[in-house]
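Everything in the sequence shown is counted per this note's numbering, starting at 1 for the first residue and increasing by one. For glycine and all other residues, C-beta sits at the position ideal for the given N, C-alpha and C.
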Amino acid sequence: MILYTNLVVESIGYCAGACIAVATAPQLWKTLRSKRVGDINTMTPFLLTMGSILFVIYGSSIGAWPIVASNTVAMIINGALWVACLRL
């Protein structure tokens, strides 16, 4: 029963992480297609990227792989959005 509970909890962690990780993907897609970033505050993707980096470090330290996986994806997406804000 404990193994089943761990599997359920781990699955919830991965699903939640996937939702969080791809939350800004539509904004990145729209930004790259329109090449307009006027309405995006550059601090938002910057802070999200920095937070994701810290969560990757934290998750690695405690062996929480759902945190590491989801925040690695979030870090890439938010980092790309931040770079787009700086360059466009």
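Supposed close pair residue i, residue j - CB separation, criterion 8 Å
i: T90; j: A84; result: Nothing can be reported for residue 90, as the shown portion of the chain is limited to 1 through 88.
Test item: CB-CB of residue i and residue j under 8 Å
i: P45; j: E10; result: no
i: N78; j: S60; result: no
i: V73; j: A21; result: yes
i: M43; j: V56; result: no
Inter-residue spacing [alpha-carbon to alpha-carbon] between residue i and residue j
i: N71; j: Q27; result: 17 Å
i: L88; j: R36; result: 7 Å
i: G17; j: I62; result: 16 Å
i: N41; j: L48; result: 12 Å
Selection from the options that minimises the alpha carbon distance to residue i
i: I12; options: M50, W82, A64 and M75; result: A64
Inset, instruction - At 4 residues or longer, and completely inside the segment 36-88: list those alpha helix (DSSP H) runs for me, N to C. - result: 43-62 and 65-87
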